[in-house]
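Numbering (the numbering used here), first residue to last: 743 to 861.
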Amino acid sequence: MLDQDLVQAALQTGLACGADFAEVFVEDRRNMSAVLDDGKVEELTTGRDRGAGIRVVIGDTTGFAHTADLSEAGLQDAALAAAAIASSGQSRVVDTFSVMSARPTPVRTLPETVAKDVK
């Protein structure tokens, strides 16, 4: 899923501020569903959820940040954000989802251009 070195680097970044604990959650889930009507496919849906969350604990304060950017830079940014939140001792929300992937997946064929009988 993710290179072990990337995960270790993110953990070290989270711990570097004097944290007692740091952890990384990673999700990469694909799904597909089909709606049939009288034995014919009426709707076909696919999706993919990818992202990582990093939690850093300093004393009684927990900082958490999440990102859809699973690159080294994206994980480091999330680790730094989580560590900053935990270090501040205050609650706040940091949005790292607005960062787009450097390599978006290209759409080769738009679903609406494919005839129902081909789907």
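Even glycine gets a Cβ: it sits at the ideal position worked out from N, Cα and C.
If the five residues before and after Glu769 are omitted, its C-beta is found closer than 7 Å to the C-beta atoms of Asp791, Arg792 and Gly793, all from its own chain and listed in chain order. Following the DSSP letters along the chain, one finds Glu814 inside the alpha helix (DSSP H) bounded by residues Glu814 to Ser830. Taking 7 Å as the cut-off, the Cβ atoms of Ala820 and Ile800 do not count as close.
Sequence-distant Cβ neighbours of Leu748 in its own chain, meaning closer than 7 Å and more than five residues away, are Glu814 and Leu817. Beta-bridge analysis with DSSP links Thr787 to Ser775.
Here DSSP, grouped into helix, strand and coil, assigns Val798 to strand.
Taking C-alpha positions only, Gly781 is separated from Asp859 by approximately 12 Å. Close CB contacts of Gly760 within its chain, under the 7 Å cut and outside five residues either way in sequence, are with Ile800 (chain order). Here DSSP, grouped into helix, strand and coil, assigns Gly756 to helix. The alpha carbon of Gln746 has as its nearest neighbour, out of Leu812, Arg850, Phe763 and Ala823, the alpha carbon of Leu812. Straight across, the Cα-Cα distance linking Ala751 with Ala823 is about 14 Å.
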